[in-house]
Amino acid sequence: MKYFYLILLVLCSFTLRAATLEVEITGVTKEGVLHLAIYSSKEAFESDRGDRPGPQPGIIAGSIKNIDTETYKETFDIPVGTYAVGYYIDANENEKLDTNFLGIPKEEYGFSNNVRGKFGPPSFESASFILGAYRKLLLEI
Numbered sequence: 700m701k702y703f704y705l706i707l708l709v710l711c712s713f714t715l716r717a718a719t720l721e722v723e724i725t726g727v728t729k730e731g732v733l734h735l736a737i738y739s740s741k742e743a744f745e746s747d748r749g750d751r752p753g754p755q756p757g758i759i760a761g762s763i764k765n766i767d768t769e770t771y772k773e774t775f776d777i778p779v780g781t782y783a784v785g786y787y788i789d790a791n792e793n794e795k796l797d798t799n800f801l802g803i804p805k806e807e808y809g810f811s812n813n814v815r816g817k818f819g820p821p822s823f824e825s826a827s828f829i830l831g832a833y834r835k836l837l838l839e840i
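Residues 700 to 840 in our numbering are what the sequence shown lists, from first letter to last.
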């Protein structure tokens, strides 16, 4: 019986560490491919320039999908922790965030907490949030 309680305690501890993140993006004005990443690492967040789509170290979850100009919603089940979200809409489908000659993005983009950086992306600290059991992020382009 003692082992049963030990196994039950271990299984419950794994279950309690799961969390749900609901992401909603509004204000999309151009159709394209949404590239959304949920970063668990400051280094990955601050070094990503939107030119390497797909899984990478420091990105715990994400989504790459065609969207239109309506509201985007998706739910992610990830561990409890501190995260930041970055996303862009690849309107010309070349798998990168296009910028002008000054480095200013020409495609729609955004970050968690709806923060904007000065002369580049924001810091991880300004875009990060703590995910407990459930959180809904309301993001605007």
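Every residue, glycine too, gets a C-beta built ideally from N, C-alpha and C. Predicted model, so just to flag it, every value in this text is computed and none were measured.
Can you give me the Cβ contacts of residue i inside the same chain, cut-off strictly under 8 Å, excluding the 5 residues immediately before and after it?
| i | result |
| --- | --- |
| N765 | E730, G731, V732, L733 |
| V723 | Position check: residue 723 holds Glu in this sequence, whereas Val was assumed. Cβ neighbours of E723 beyond the five flanking positions: T770, Y771, K772, K835, L836, L837, L838. |
| K805 | D797, T798, N799 |
| I706 | Residue placement at I706 cannot be trusted, given a pLDDT of 45 that sits under 50; what the coordinates show is reported in the next sentence. Hits under 8 Å: none found. |
When the Cα of residue i is compared with those of the options, which residue comes out closest?
| i | options | result |
| --- | --- | --- |
| G749 | A718, N793, A760, E773 | N793 |
| E807 | V722, R716, L735, T719 | L735 |
| E742 | R716, L830, D797, G757 | G757 |
| P820 | G780, K805, V722, S746 | S746 |
| T781 | R815, K817, A826 | A826 |
| S739 | Y833, I840, I829 | I829 |
Ordered along the chain, which non-local residues of its own chain (more than five positions away) have a Cβ less than 6 Å from that of residue i?
| i | result |
| --- | --- |
| E760 | The sequence shown places Ala at residue 760, not Glu. The answer, listed in chain order, is I737, F775, I777. |
Using a Cβ-Cβ cut-off of 7 Å (strictly less than) and excluding sequence neighbours within five positions of residue i, which residues of its own chain qualify?
| i | result |
| --- | --- |
| A717 | D776, P778 |
| K701 | Because K701 sits at a pLDDT of 46, beneath the cut-off of 50, its placement in the model cannot be relied upon, and the following sentence gives the value as read from the coordinates. Cβ neighbours of K701 beyond the five flanking positions: none. |
Open item on the list: Taking 8 Å as the cut-off, does the stretch 767 to 780 touch the stretch 718 to 730 (at least 3 CB pairs, one atom from each stretch)?
Closed with: The stretch 718 to 730 makes contact with the stretch 767 to 780: 3 or more CB pairs, one atom from each, lie closer than 8 Å.
TODO: Check whether the stretch 805 to 820 touches the stretch 785 to 793, taking contact to mean three or more Cβ pairs, one atom from each stretch, closer than 8 Å.
DONE: Short answer: they touch.
Task: Completely contained beta strand (DSSP E) runs for the stretch 754 to 825, where each covers 3 or more residues - done: For the stretch 754 to 825, the full-length beta strand (DSSP E) segments reaching 3 residues or more read 758 to 766, 771 to 778, 780 to 789, 808 to 810 along the chain.
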